[in-house]
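From first to last, the protein sequence lines are chains E and U. Using the working numbering, the letters of the first sequence map in sequence onto residues 1 to 221. Using the working numbering, the letters of the second sequence map in sequence onto residues 1001 to 1221. Let me begin by presenting the structure, written as structure tokens, before commenting on it.
Number of protein chains: 2
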Amino acid sequence: VIKIRDLIKTYGEGTAEVQVLKGVDIDVGRHEIVALCGPSGSGKSTLLNIIGCLDKPSSGTYLLEGEDVANYDRGAQANVRLRKLGFVFQSFHLLSDQTAIENVMLPLQYAGVPVKERQGRAAEALARVELQDRMDHRPNQLSGGQKQRVAIARSLVTEPSLLLADEPTGALDSRTGKSVLQLLEQLHEERGLTVVMVTHDVEVAAWAHRRIALLDGKISA
Amino acid sequence: VIKIRDLIKTYGEGTAEVQVLKGVDIDVGRHEIVALCGPSGSGKSTLLNIIGCLDKPSSGTYLLEGEDVANYDRGAQANVRLRKLGFVFQSFHLLSDQTAIENVMLPLQYAGVPVKERQGRAAEALARVELQDRMDHRPNQLSGGQKQRVAIARSLVTEPSLLLADEPTGALDSRTGKSVLQLLEQLHEERGLTVVMVTHDVEVAAWAHRRIALLDGKISA
Ligand SMILES: Nc1ncnc2c1ncn2[C@@H]1O[C@H](COP(=O)(O)OP(=O)(O)OP(=O)(O)O)[C@@H](O)[C@H]1O
Ligand SMILES: Nc1ncnc2c1ncn2[C@@H]1O[C@H](COP(=O)(O)OP(=O)(O)OP(=O)(O)O)[C@@H](O)[C@H]1O
Ligand SMILES: [Mg+2]
Ligand SMILES: [Mg+2]
């Protein structure tokens, strides 16, 4: 599903240049659940954003289900994301002027799903993360963990085959975090969902099938 | 230091009314390190915001170092925060158009500290959270855990006697999180810092002197 070779990502220029990813190789197979771990600032979000076609590498190759996406333009990247991916951002990126259910309906709208079906699917996605009582709240009327769960619901509502999640349980208490993992487990069994998740949580990393450690921009395990 | 009785916080009206805090009593003594724990949505951030004079209760009393702050107006609240508190927000609230060091200098500017001293103290605060190499980066050039550490540095730069922190290690890996706790431990020993921190992390809660559990808007332990 994911094949990455010699990935390099550099920010800035001249004396301000920072090489964040220093030649990364990654393989993720269909239906795998992979945890990406590493210290703060090691490059995990940067790597996940490139995998999620939200950013481009400075150099290197990236094949997503055999498609050579590393050098796609913005329009093509958006197209890949809509067709194939769900993404949970480290800082959620919800629209502040829309309710929880409106935020979750948005990807379905981009996919051309009719409004009645959008509403039903979004409501169901929110119920699965225990937010049925918060559907009409806007982000500033939600707790940190509730916002995170809206972001999770939004990432799954289009039924993607690949979920990319940046610290998806970071704002959740232990019980709520476990129930999110159970949801992903269930989708994995029912639909063969492939998951790459960044996590600091040792228990979440242990739950995954495999762990990849990133240290100072390089894979160390 | 903190004396709270019968605290109630309600949002919304009529059928949309949500009673988030349902009569909370809390005492925090000088130099105590208290962890506030509870499920997602239980009211922890709401309670911490009231303690931090960022919000007002719907009813109940709150004495901060003997000062009756529950019904202060916005100007008086801002004054209390500047004089007494450091606050680490769950979503950091950094200024996106300012660098890390400028963000950390800001509270000192409000406190009337001269610019050379502001720069020195802000640089030192950032060094203590291991961000000496990221001082001139703006928030969108920082990782999640780096932003969190900037927020921590900013909360401590005015040398407050009371630190209120909403999930201050939530975005940090285990080692970086421990070094933040060591910093707080050190400030506690050197200056008698009092700390109330919301946390989902069992190890952070264990490190505190005492734990308060919030369940559905009420203290349960
Ligand atoms: N402005 C608001 N209007 C209506 N309800 C609100 C508002 N702000 C917060 N709430 C509700 O208050 C409850 C408590 O929110 P709070 O942010 O205090 O929870 P929390 O314990 O910090 O949760 P988390 O661990 O997820 O951060 C939540 O159920 C939330 O939906
Ligand atoms: N636009 C940018 N310009 C310069 N440096 C950047 C930029 N974006 C990120 N960085 C740097 O790249 C490094 C990696 O960032 P990244 O967000 O990938 O880390 P991370 O592993 O996700 O960390 P965390 O666990 O704290 O979220 C950091 O040191 C950060 O300062
Ligand atoms: Mg990150
Ligand atoms: Mg909270």
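The C-beta atom is built at its ideal place from N, Cα and C for all residues, glycine as well. Because the structure is a prediction, the values reported are computed rather than measured.
Determine the closest residue to residue i out of the options, with distance taken between C-alpha atoms.
| i | options | result |
| --- | --- | --- |
| residue 1191(U) | 1161(U), 1106(U), 1098(U) and 1093(U) | 1161(U) |
| residue 174(E) | 1017(U), 1008(U) and 1038(U) | 1038(U) |
| residue 1156(U) | 1064(U), 1134(U) and 1187(U) | 1187(U) |
| residue 1008(U) | 1060(U), 1150(U), 1104(U) and 1113(U) | 1060(U) |
| residue 1035(U) | 1063(U), 1167(U) and 1057(U) | 1167(U) |
| residue 1013(U) | 1048(U), 1058(U) and 1051(U) | 1058(U) |
| residue 1189(U) | 1033(U), 1017(U), 1090(U) and 1018(U) | 1033(U) |
| residue 1234(U) | 1136(U), 1132(U), 1126(U) and 1134(U) | The requested residue 1234(U) is not part of the displayed model; chain U covers only 1001 to 1221. |
| residue 1086(U) | 1116(U), 1213(U) and 1159(U) | 1159(U) |
| residue 1165(U) | 1006(U), 1105(U), 1016(U) and 1054(U) | 1054(U) |
| residue 18(E) | 1010(U), 1147(U), 1133(U) and 1072(U) | 1133(U) |
| residue 51(E) | 5(E), 131(E), 16(E) and 215(E) | 5(E) |
| residue 1207(U) | 1218(U), 1179(U) and 1214(U) | 1179(U) |
| residue 1103(U) | 1122(U), 1115(U) and 1112(U) | 1122(U) |
| residue 1100(U) | 1048(U), 1143(U) and 1026(U) | 1143(U) |
| residue 197(E) | 139(E), 97(E) and 90(E) | 90(E) |
| residue 199(E) | 3(E), 117(E) and 43(E) | 43(E) |
| residue 172(E) | 1045(U), 1002(U), 1011(U) and 1024(U) | 1045(U) |
| residue 1030(U) | 1215(U), 1210(U) and 1218(U) | 1210(U) |
| residue 236(E) | 146(E), 114(E), 3(E) and 97(E) | This structure gives no information on residue 236(E), because the portion of chain E shown stretches from 1 to 221. |
| residue 1214(U) | 1147(U), 1047(U), 1027(U) and 1015(U) | 1047(U) |
| residue 84(E) | 145(E), 148(E) and 107(E) | 107(E) |
| residue 185(E) | 202(E), 163(E) and 170(E) | 163(E) |
| residue 26(E) | 15(E), 62(E) and 11(E) | 62(E) |
| residue 1131(U) | 1145(U), 1098(U) and 1195(U) | 1145(U) |
| residue 1095(U) | 1202(U), 1040(U), 1141(U) and 1205(U) | 1141(U) |
| residue 77(E) | 93(E), 92(E), 56(E) and 66(E) | 56(E) |
For residue i, return the contacting residues in chain E, with the cut-off set at a CB-CB distance below 8 Å.
| i | result |
| --- | --- |
| residue 1091(U) | 91 and 144 |
In chain U, which residues lie with their C-beta within 8 Å of the C-beta of residue i?
| i | result |
| --- | --- |
| residue 74(E) | None at all; the shortest Cβ gap to chain U is about 18 Å. |
For a contact defined as C-beta to C-beta under 7 Å, what are the partners of residue i on chain U?
| i | result |
| --- | --- |
| residue 161(E) | Chain U residues near residue 161(E): none, gap ~26 Å exceeds 7 Å. |
Is residue i helix, strand or coil when you go by DSSP?
| i | result |
| --- | --- |
| residue 1147(U) | helix |
| residue 1062(U) | strand |
| residue 1202(U) | helix |
| residue 12(E) | coil |
| residue 105(E) | helix |
| residue 1047(U) | helix |
| residue 1159(U) | coil |
| residue 1006(U) | strand |
| residue 67(E) | strand |
| residue 81(E) | helix |
| residue 73(E) | coil |
| residue 1176(U) | helix |
| residue 1125(U) | helix |
| residue 132(E) | helix |
| residue 1(E) | coil |
| residue 1088(U) | strand |
| residue 1115(U) | helix |
| residue 1138(U) | coil |
| residue 98(E) | coil |
| residue 29(E) | coil |
Residues of chain E with CB under 9 Å from residue i, in chain order?
| i | result |
| --- | --- |
| residue 1167(U) | 144, 170 and 171 |
| residue 1141(U) | 11, 12 and 18 |
Give me the chain U residues within the contact set of residue i, using Cβ-Cβ distance strictly less than 9 Å, ordered along the chain.
| i | result |
| --- | --- |
| residue 209(E) | Ordered by position in chain U, no residue passes the 9 Å Cβ test against residue 209(E), which lies about 21 Å from the chain. |
Find the residues of chain A that neighbour residue i, judging by a C-beta separation of less than 9 Å, and give them in chain order.
| i | result |
| --- | --- |
| residue 31(E) | Looking at the structure shown, chain A is missing, and the protein chains on hand are E and U. |
Heavy atoms of ligand 4 versus C-beta positions, residues under 7 Å: 143(E), 144(E), 145(E), 1044(U), 1045(U), 1090(U), 1166(U), 1167(U) and 1198(U)
Interface positions of the region 170-191 of chain E facing chain U (Cβ-Cβ less than 9 Å), listed along the chain: 170, 171, 172, 173, 174, 175, 176 and 177
Proximal residues, the region 1035-1062 of chain U versus chain E, C-beta separation under 9 Å: 1037, 1038, 1039, 1040, 1041, 1042, 1043, 1044, 1045 and 1046
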